[in-house]
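All remarks here apply to the structure that follows.
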Amino acid sequence: MSISVMSTPVPASSSADTGEMSLIEALGVAIEAADKGSRIIWQCVEKRRLAMAAAATFHTTSALAAGGAASVECENKTSATNLVTQHSKQCRETIIRILRQYSEEVQREKPHLRFAFLTEELNPGTPLSDDYTWVVDPIDGAASFVHGLPDCCISIGLTYRKQPVLAVVFTPFISSGVRLTVAAAAVLNTKMLDEHGTAAAPTTALPPTPPTPPVVPECNGELFTAIKGFGAFVNGRQVRVNAKVVPATSVVVFNHPCGVMLSTAEAASPDGAAIRRRKCDAAIDCSMAMREELLRLPVAALRCYGSCAATLAQVAAGRVDAYLEPAGKAWDVCAGSLLVTEAGGVVCNMLGRPLDMAHDTTIVAAATQEMADLMTEKCVRHGFGQYWLVEKE
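Using the numbering used here, the first residue of the sequence shown is number 56, and each one after it goes up by one.
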């Protein structure tokens with residue numbers, strides 16, 4: 056790889072959990088992969104803009120039809136709302152190629168290390184192992200991306216012994232207003248800021264060994280990064296969850312239920328399709344009852360966004376106070392969950408148990424334990440987990 060990073064040991068407190076790999080170096084590679092992927096996303100946006108301009112100029116067709124979802128080549132996956140685009144495929148191939156090349160170089164130096172790859176489209180059924188595993192979602196929030204909405208992102212996580220140890224989440228269309236190149240954002244030895252915006256002495260400061268990808272993005276997005284034990288950052292500045300939040304002032308994100316799970320017996324039944332439909336309807340009714348309770352508490356705001364990873368990043372940044380995703384997968388939650396915990400937040404499944412990415416399909420992320428308990432209590436009382444085979448006992 057063209058990225059050159061000095062070798063630096065990870066903190067002693069986390070060395071047992073991160074293995075022998077240089078996570079500082081791996082972070083630089085993941086950042087480069089996210090940047091290259093984002094360029095493909097912006098190519099799609101530019102094509103859509105040109106199509107809309109052509110339609111408006113020549114009146115050959117409706118600008119909405121030319122620039123909307125129809126202008127992006129897409130195919131249905133498992134449901135009508137879970138779309139994949141041609142650009143998503145290109146983005147995935149680009150990211151995986153960069154990560155695979157780096158992993159092979161590491162293996163040449165340390166042959167005993169093993170790497171695996173897990174994405175929604177590539178080996179989705181592959182179980183997490185104790186090996187290093189790159190967990191990638193090239194466009195998390197594909198439906199939003201296809202329809203021109205900004206709540207989508209590139210998510211790259213790395214696990215070791217089934218636990219996330221590195222995270223990169225890049226939101227190309229959501230900006231804090233600070234224009235910063237990816238290369239500059241990768242410099243993680245900038246001054247850490249406390250919640251008041253003043254320089255604070257870090258408890259575990261990264262050494263001055265910034266990754267320097269030879270790339271400069273042409274967009275103004277937000278780059279969220281984390282290494283286990285080092286904290287969470289956005290565009291090179293440390294972020295923390297909103298630790299002072301109370302329910303009455305909280306912003307809660309609760310995504311609509313989708314992708315309910317069937318037991319082996321239900322799936323084998325001749326009425327499997329009808330069972331799935333009834334179960335999906337019941338999950339919707341259950342979620343509506345939970346939403347009504349949240350609004351009557353009241354919470355300050357109840358939202359629903361299209362990208363799990365991007366929403367988890369917003370929890371880490373202190374902009375969202377609690378988040379319930381009933382149907383997340385490993386590629387949705389891997390990077391984002393590490394961002395939340397490294398920013399001081401709480402991550403668990405909907406029953407309040409530790410998140411197990413190898414088995415859980417649900418995630419609760421919150422700024423405080425109180426906010427996490429608020430969400431898990433409702434899930435348990437309403438039996439929300441039954442729709443994803445999450446049992447109380």
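Every residue gets a Cβ at the ideal spot worked out from N, C-alpha and C, and that includes glycine.
Arg436 and Arg408 have their C-alpha atoms spaced approximately 15 Å apart. Contact between the stretch 321-338 and the stretch 401-415 is not established, with fewer than three Cβ pairs separated by less than 8 Å. Excluding residues up to 5 positions away in sequence, Val388, Ser392, Val402, Cys403, Asn404 and Ile418 lie with their Cβ nearer than 8 Å to the Cβ of Leu410 in the same chain. For Leu379, no alpha helix (DSSP H) run applies; the uninterrupted beta strand (DSSP E) run containing it begins and ends at Ala377 to Glu380, by DSSP. A residue is called buried once 16 or more other Cβ atoms fall within 10 Å of its Cβ, and Gln369 is buried on that count.
Taken in chain order, the whole alpha helix (DSSP H) runs of length 4 or more contained in the stretch 307-350 are 319-323.
Check the Cα spacing between Val191 and each of Ala364, Ser184, Gln441 and Cys341: the tightest is with Ala364.
Annotation for Trp386: the continuous alpha helix (DSSP H) segment containing it runs Ala385 to Glu397. With the rule of 3 Cβ pairs closer than 8 Å, the stretch 187-201 counts as touching the stretch 139-154. Residue environment: Arg351 is assigned as exposed (fewer than 16 neighbouring CB atoms within 10 Å of its CB, all protein chains considered). The Cβ neighbour count for Lys283, taken over all protein chains shown within 10 Å, is at least 16; the residue is labelled buried. Nearest in C-alpha terms to Thr226, of all of Gly212, Cys207, Thr214 and Arg216, is Cys207.
Three or more Cβ pairs closer than 8 Å define a contact, and the stretch 339-355 falls short of that threshold against the stretch 174-188. Between the alpha carbons of Val161 and Phe200 lies a gap of roughly 34 Å. Cβ contact annotation for Cys341 (same chain, cutoff 8 Å, sequence separation greater than five): Pro312, His437, Gly438, Phe439 and Tyr442, in chain order. In the structure shown, Ser77 falls within a coil segment according to DSSP collapsed to helix, strand and coil.
Distance from the CA atom of His142 to the CA atom of Ile95, rounded to whole angstroms, is 7 Å. Judged by their CB atoms, Leu357 and Ala371 are not nearer to each other than the 8 Å cut-off. Counted as a single uninterrupted DSSP element, the alpha helix (DSSP H) harbouring Phe200 occupies residues Ala197 to Val201. The Cβ-Cβ distance between Gly361 and Leu173 does not fall below 8 Å. Comparing alpha carbon positions, the residue from Asp376, Arg104, Glu432 and Trp386 closest to Asn178 is Trp386. Secondary structure note for Cys146: its alpha helix (DSSP H) is the uninterrupted segment Gln141 to Glu164. Partner residues in the beta bridge of Thr174, as assigned by DSSP, are Val191. With at least 16 other beta carbons inside 10 angstroms of its own, Lys433 counts as buried.
The continuous beta strand (DSSP E) containing Ala222 extends over residues Gln218 to Thr226.
In this structure Ser318 is not in contact with Leu406, their Cβ atoms being roughly 18 Å apart against a cut-off of 8 Å.
If you check the CB distance, Val224 and Ala390 come in under 8 Å.
Using a 10 angstroms sphere on the CB of Thr304, the tally of other CB atoms stays under 16, which defines it as exposed. The straight-line gap separating the alpha-carbon atoms of Ala171 and Glu148 is approximately 15 Å. Taking 8 Å as the upper bound for CB-CB distance, Arg295 and Ala398 are in contact here, some 5 Å apart. Sixteen is the threshold: when 16 or more other Cβ atoms of the shown chains lie within 10 Å of the Cβ of Glu380, as they do, the residue is buried. By the criterion of a C-beta distance shorter than 7 Å, Thr431 is surrounded in its chain by Cys403, Met405, Leu406, Gly407 and Val419, once the five residues flanking it on both sides are discounted. The alpha-carbon separation between Asn310 and Ala422 amounts to approximately 17 Å. Note that the C-beta distance between Val301 and Thr366 is not below 8 Å. For Ser158, same chain residues with a beta-carbon under 6 Å away, outside a window of 5 residues either side, are Phe170 in chain order. Our two residues, Glu87 and Ala320, have alpha carbons roughly 45 Å apart in a direct line.
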